[in-house]
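In what follows, a structure is listed as structure tokens, so that the remarks can point back to it.
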Amino acid sequence: MSFQWQKLEDAAASLEVDAQTLRKWIDEGRAPTRNTDGVTEVLIEFPEETADTADEPTVVDAEIHGPDDPAAPESPEHHALQVVSRRELQLAGTVAAAWQRLAEQAEREVARSRRLGTLGWCLVAALALGAGLGVYFATRATADAEKTAALTQQQLESTEKTRDDLITDKSALTGTIDKLTADLTDAKAQLAAGAERTKQQADVATALRATIDEQSKQLTDLRKQLDELRKQLNTERDQNKSLNKQLDAANKQTQQTRKQIDDLKKQLADATKPAEKPTENKK
Numbered sequence: 549m550s551f552q553w554q555k556l557e558d559a560a561a562s563l564e565v566d567a568q569t570l571r572k573w574i575d576e577g578r579a580p581t582r583n584t585d586g587v588t589e590v591l592i593e594f595p596e597e598t599a600d601t602a603d604e605p606t607v608v609d610a611e612i613h614g615p616d617d618p619a620a621p622e623s624p625e626h627h628a629l630q631v632v633s634r635r636e637l638q639l640a641g642t643v644a645a646a647w648q649r650l651a652e653q654a655e656r657e658v659a660r661s662r663r664l665g666t667l668g669w670c671l672v673a674a675l676a677l678g679a680g681l682g683v684y685f686a687t688r689a690t691a692d693a694e695k696t697a698a699l700t701q702q703q704l705e706s707t708e709k710t711r712d713d714l715i716t717d718k719s720a721l722t723g724t725i726d727k728l729t730a731d732l733t734d735a736k737a738q739l740a741a742g743a744e745r746t747k748q749q750a751d752v753a754t755a756l757r758a759t760i761d762e763q764s765k766q767l768t769d770l771r772k773q774l775d776e777l778r779k780q781l782n783t784e785r786d787q788n789k790s791l792n793k794q795l796d797a798a799n800k801q802t803q804q805t806r807k808q809i810d811d812l813k814k815q816l817a818d819a820t821k822p823a824e825k826p827t828e829n830k831k
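Numbering of the sequence shown is given in my numbering, commencing with residue 549 and proceeding in unit increments.
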């Protein structure tokens, strides 16, 4: 007999059963298995071919009939059960050989374990050396970390001081901003009042401008009237000059006439004086 580890599908084909039936046998413990690299393998026993068993179906040379094949004398499950029954009987005779193989494998594993033990001690020494170096570098790194932590603490204290200064400056700036905001509000109010006053002044200026325009118009009319009066006055002056000339001429004539009258009166007086003397003598 010979034993061979086969995959689940190959073992099912060798046992002439389906994979589900073989899994059921595995669950019941009727088929030895192992797991190699995540692949389940089943231990299959192959009987030696002899003249007596050549005509009987064996695991290797067993003919696989389908479930609907009329040539199949019995179902594959029944045939598989018979094969497994025979193999279970044969398995009892091969347990010693299996144990011997397992013992040899155990010896090989022990030798391998010894080699691995020596290698393990080497690895332990290497790990110890690495641990020592790690401790050294860790100590050095710890010292550097402590220095870095001290510097970081100083920077943190400086940062906190700067933050406090900034908070103080922020408070001062906040007060200044509030004051500027209040001043800006007052300035806006004054600007609004000034704009209102400016608007009122503009209205007053507009009214004054209209009044000035009206007065300018009236002044222009008065100037025109004054020019007319001046023209009339000049005309009257010219007329008065003419009248004065005429009056002067009339006065001159009157004076001449008065002078002539005075002369005539004088002549008359002279003419009448001698005639009066004899009259006086007669008296």
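For each residue, glycine too, the CB sits at the ideal point set by N, CA and C.
- Contiguous alpha helix (DSSP H) elements confined to the stretch 754–798 do not occur, taking only those with 4 or more residues.
- In the DSSP assignment, R582 forms a beta bridge with E589.
- For L556, the enclosing alpha helix (DSSP H) starts and ends at 556–562.
- V683 and Q703 have their C-alpha atoms roughly 29 Å apart.
- Proximity to A579 across L556, V587, D712, D585 peaks at L556, based on C-alpha coordinates.
- Here the alpha carbons of K789 and T783 stand approximately 10 Å from one another.
- Q568 is not a Cβ neighbour of I592, given a cutoff of 7 Å.
- Between L570 and A561, the C-beta spacing is not below 7 Å.
- Across the structure, K821 and Q780 are spaced so that their CA atoms are roughly 59 Å apart.
- Between I574 and T581, the gap from beta carbon to beta carbon is short of 7 Å.
- Cβ contact annotation for V587 (same chain, cutoff 7 Å, sequence separation greater than five): K555, in chain order.
- Listed in chain order, the non-local C-beta contacts of R745 below 7 Å within the same chain number zero, local neighbours out to five positions each way being set aside.
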